[in-house]
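All residue numbers for the sequence shown refer to UniProt numbering, where the first residue is 1 and numbers rise by one. We put the CB at the ideal spot given by N, CA and C, even for glycine. Notes follow the structure.
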Amino acid sequence: MKVKDDSAVLPLIHSANPPQCSTTALPRAYKAVALLSVATAASLVYNYLYVRPWTSRTPLQATSEWEDNVWPIREQTPWDISTDFPYPRKLEYDVQEGTWLRLDVHPTSGDIVFDMIGDLYCISAADALSANADARAKARPVLLGVPHDSDPHFSPGGKSLVFRSDAGLGVENIWVKPWDGCEAADLRPAVPHGALAQALDAQDKEDSLLVKGFAETSERMANRLLREGRPEAQRVTNETFRWVSDARFHPSGKKVIATKWFTSSRSIPAGEGWEFDVPGLGSQPSIPAKSGTKLVGHDLPAGWSNEDYGEQQVGPEQFIWRGNDTLIYSKNVVNTGGTFSYSNDVFKGVYSIFARNLTSSKTETLVDAAPGGASRPELSRDQRTLAFVRRVRDKQALVLKDLETGSIHNIWYGLSYDDTRVSAPMGTYPSFAFTPTDDAIIIWAAGHIWRVPLALNVFGEKVSGGEPTIVHFTAHVEKRIAETLKTTVDLAGLESADETQVHAFKELNVDETGSRALFQGGGATYVHEIGTSKTSAIPALYPGQPYYSPSWVPNTPDLVIHARWSNTNFTSFEIANLTSGIAYEVNGLPLGRYFSSVLCECTGSRRKIAFLKSAGTWLTGDIIATAGPGLYVGELTLPSGSEDSIILENLQFIPSEIDVDGHVTLRFFQGASKLLVEQDRRSFTIDLGAGPDENGASKHTTLATGRMSTEVAVSLDRASQPQSAAFVDFYHVYVAPKESLADGEEALWSKPANATKGIARLSLDGGHDLAWSRDGKKLFWFLGPYLHSLEVSKLDECKSAIEEDKVTFGIACVNKLVQWEQVVVKHSTDVSRLGKESQNASLAIVNATILHMDSDNRYGDVIEGGTLVTKGGLISAVGPAASVEVPSDAVVINANQGYVLPGFIDMHAHWNGFSDRFPASSWELETFLAYGVTTMHNPSTDTVDAFAERTRVERGQLVGPRIFHTGTVIYGGAEAGLHQDIADTLEAHSALVRIKAEGGPFSHSYKNYQLPSRASRQRLLLAARNVSMLCFPEGGMNYDWDLTYIVDGMTTVEHSLPVAVIYDDVRKLFEASGTAYTPTHIVSYGGVMGEQQIWAEEDIPNDPKLRELTRHDVLEQLTESTARPKHAYGLYNISEISAEMSRNGVPVLIGAHGEPPLGLNYHSELWFAQQGGLSNYEVFKAATITSAHVLGMEKSIGSLEVGKLADFVVYPPDVDILDGDMRVSRELAYVARGGRLWDASTMEEVWPVKGRRRPIPPINAD
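So, in structure tokens, the structure goes:
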């Protein structure tokens, strides 16, 4: 590695208080992705699964001290999912099978009630007994409509039916309705009578009025509820954030036990057993929010405090009563540390079954997890026999345990696989029931409802009574669904323009008078004259290199200091004169990663300088110059005009409490004696002038703290006294008065009813990168390219509005005071630079077998002996050689009959480098591109950092695919820096505006990440239609929510459905909806994840291409793996179902989740997609034109057609991608993005600048 000739050595560190840092820095947004990631045990390299470091000891019983009083931050405003969101389409179809049918059997009649895709159906006992394949029982609809209904269960006497529903606000609650038999409850009888007949006659007209936006009248509502079977339904629970499922009646019939689900900072829920009173039918009482009594909670893992109680990700679930005072339930007993993990060994067992006596408070294990696990407990009518499910070899068994004798009998091996490997709020297996006389069990398996006959052995134990038989049925499905969210993007027009605009800015720094602002925009630093349209690049010695971290030199208005990044020499500082345009190198800086350089507020040329050092980071590696992270102080002399460089002298390490991996800004005050340090949740000072104490530490004084903030910034007046505190809380900018900074005051917080006294909200839609003017009178912040400011003294004009508004803290008034202006920064596009570098010449690939993906037919898509010509980043000609003229100025590459096809699109890509503090080259992006991925869509990033990364790709600082992403996820979990409630339509609009502002025309998608309220999800969908954005939701192992995503018109479902095998009910809904499907087999649900097979079967650590491109520590951690039988991989079932749906019109997409090894695992995902029955051609279609259609970019990418962007891959002539092994897809010769061509094995540029290879930092020790 080449180092600077003037490299210096850092001073030795002697400190009893080491700096707050890690060996490899994980920036805040980077850590946020960790909370969300679908990580396996071996994914610690990439996904950084959130785990607590405590060792596992005896668990502690939680006390009653923990209160669920933080989340949500804002309560939902009124909304009705049935009437406030349009469903213009009506689907009707018949099915004879169903998916994951949770059922119950009436205690006296034997009628069977079950849920299917969000509706409830009933089969009468008589019909069930007489049904056969030729004469099927009619499944009568008993609950229909927009609400998603499930988990039906009868009361002990059979007069009531309790069920789960998201009716109203869209949060799943428990409801109850009277029951008088299947025939009486039938909502679609052959001949309707009375009020139902009238309501059905009016249905089309009334549904049309809703779609057109006419408010529902009381008469129309009564008709709708009658058609849906809800006129007498009433609430049992009224949760508005947590949700409740699987309610079971107490033997008294007066109360139910249900599982209440709690999400932590990770959105994986943990269950608790809660008891709720059941109101008398017809009483319609007002049910208070958060009612009920907790009966069975979590056990605290060893080392956890009561404050950590809400962070647990596993808990008891699937509760049933035994007698009046005993609860039987199931629980994951493998993840005993409180943190859920994937791909657990079902053969060793994951779940156990317990019984807890409420009178004695004693808990006993009824069925141990080993072997095969034990979940979904159900009791016989006589309460002697416990039935449950477990894995036995390659089968799923229905098992009986006699609770008197303890005998266990496996009575049937025909069940579908359970879902104990995943977090399964829909149940690890569908609920089932004994018949009224205990002579059979009625249970779902393999798409059907089965009757499993029982008999008694000589000991009086229930055992198998013969061969199970199918209860054949037919059901008519009736669903109203929304229009699928779609949009279009003229990508070719945007990328082939001469210039493009920067939208995402950060590292804001304002001068003493508040008249000029410094900031970084995509790897370049700028100065903006506030109040004008003038924005200029800061003078730099090497304008082609990345610059970052600019700050003013106090009392010298012409001077700025900023940092330059080099992949070989790391950080250098430069001081720039804005007037003369001259830049000066600061010499004497030791090799290292530095940022946030500031000079003292002194006069004269001799100045103190302070800055921070990071250890290793994800992109820059942790091999070179990692020692001594923290705060440094030195001296230098400002340039007078004649110097070529500046010398850094007297460098000292200062022990401090600064977290160098988090958000941090520095500022000197009181000359050079004190430093103001501002982090995400703390603003404090370091007294440098007083010198260190006996431990070598300088005095730290806290000025303000934030409880859940992502930035805190305190203003100082001319006398250096704190005046007020600004902070960013849940994406909005607030100011708190001076009184809030007094000693003993609580941390700054914006939660209504608990908010810091006197705070005012300044941002209408959000903001970031707070910066005070030096006199502390004016606050600035960015939102996209819009620089906002406010003179805080003007808040007096809104004093009464701020005091009276307890929810949004006066924003309606304050917004009128805020000033804003657009900062316009443009740079050349990569296509325009390509034109200059190629002198507008062409590139021609000749003698190629072109798979152009234009005809939707394999044989129509293949051109033998074809020619592809590109010019100016676009395809200018494609076709048979005889019909295409190769320009005389073209550089010609002979493909020797090798295949050429469109560049691949990764529709579910993750990577981490966008949040690296230092603008280094990205080995991640180069690796993606080297494996043929020319376009990526990432559904979980940091909004500002990831759009800044996209800018760096487009301006040529990074080599990689073109980037699209959702920005920061709109998150339902309890993580302060990510959570959003979306409690009203204004909040939904602002959530999308925040993303759109930072990305401009390249921002066209968002991610709903398991928002618990369907109302919130609907508000976002409506807002998205107004700003032309797509929705990529996190599937997240919640089968019921996934179905509502399809019904409500979300663009895709990300990740496989957690039920590995789906049947006609779900398939037909999916196929008719228009929603796309990204199954990501590589991290699939319902079984061991696909990546584990790749790690087991491939020699990843020694792959030459990967060792050339990526971090070796990533590869080497994939050396060992665990062998799994093929039937443990649910992905093959998922692949088969996906293939069938693809052929029936569902856009099935390819997404590899950024799992290690990058690039190669994209091709593993292609192979997994092919395993279900798709041809190679169909897989490549999914990876190209189908994905382009879903992104709304099919006119620009996805096929090789004239006028489209020149994205393509070239294969060697001996690689048969259509009829050979699918895994040869990785064996690329060349890859082109936007007409620029690279050697895929080395990422050396082939055209237009032959031989160019941008260096990457030293990420490997060998």
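An exposed status is given to G1145, since fewer than 16 other beta-carbon atoms sit within 10 Å of its beta-carbon. Restricting attention to I1185, I863, C600 and Y1162, the CA atom closest to the CA of R774 is found in C600. Beta-bridge partners assigned by DSSP to W79: none are found. Within a 10 Å sphere around the beta-carbon of R393 sit fewer than 16 other beta-carbons, which makes this residue exposed. DSSP, reduced to helix, strand and coil, places M936 within a strand of the structure shown. Contact between A946 and G967 holds, since their C-beta atoms are separated by about 7 Å, short of 8 Å. For the 8 Å CB-CB criterion, K799 and L817 do not form a contact. Going by beta carbons, T829 and E1245 fall outside the 8 Å limit. Annotated as distal: A517 and L901, with beta-carbon spacing of 8 Å or more. Looking at the DSSP output, V142 shares a beta bridge with no other residue. Under the three-state reduction of DSSP output, M853 falls in the coil class, being neither helix nor strand. Where S330 is concerned, the enclosing beta strand (DSSP E) starts and stops at T326 to N332. A direct Cα-Cα distance of roughly 19 Å separates R761 from T77. When only Cα atoms are considered, R235 and V176 end up about 6 Å apart. For the set S1056, D769 and A1152, the Cα lying nearest the Cα of Y931 is the one of A1152.
A residue is called buried when at least 16 other Cβ atoms come within 10 angstroms of its Cβ; T1119 does not meet this threshold and is exposed.
Bounds of the beta strand (DSSP E) holding Y121 are D119 to I123.
Within 10 angstroms of the beta-carbon of N857 lie fewer than 16 other beta-carbons, which makes it exposed. Pairwise C-beta distances place the segment 181-190 out of contact with the segment 1053-1065, as fewer than three of them are shorter than 8 Å. Judged by DSSP secondary structure, H1189 falls within the alpha helix (DSSP H) whose first and last residues are S1187 to L1191. The beta carbon of P919 sits closer than 6 Å to the beta carbons of G523, P546, Y548 and W565 from its chain, once the five residues preceding and following it are set aside; these are given in chain order. Scanning the segment 858-924 from its first residue to its last, the whole alpha helix (DSSP H) runs of 4-plus residues come out as 858-861.
In this structure, I73 and V146 do not form a Cβ contact; the two beta carbons are roughly 27 Å apart against a cut-off of 8 Å.
Between M1222 and the set A1188, F1180 and F1002, the nearest pair of CA atoms involves F1180. Annotation for K255: E275, F276, D277 and V278 place their beta carbon closer than 7 Å to its own, counting only its chain and skipping 5 residues before and after. Around the C-beta of H193, fewer than 16 other C-beta atoms lie within 10 Å, and the residue is accordingly described as exposed. According to the DSSP assignment, R102 belongs to no beta strand (DSSP E), since it is labelled neither H nor E. Of the residues assessed, S990 falls on the buried side of the cut-off, its CB having 16 or more other CB atoms within 10 angstroms.
Secondary structure at R1019: helix, using DSSP grouped into helix, strand and coil.
When DSSP reads this structure, C1031 sits in a beta bridge with Y1006. Contact between A433 and E378 holds: their C-beta atoms lie close to 6 Å from each other, under 8 Å. Note on T488: under 16 other CB atoms within 10 angstroms of its CB, so exposed under the neighbour-count rule. Counted as a single uninterrupted DSSP element, the alpha helix (DSSP H) harbouring S1142 occupies residues L1131 to R1143.
In the displayed model, T1044 falls within a helix according to three-state DSSP. Annotation for F1168: the continuous alpha helix (DSSP H) segment containing it runs L1160 to Q1171. The continuous alpha helix (DSSP H) containing D1064 extends over residues D1064 to S1073.
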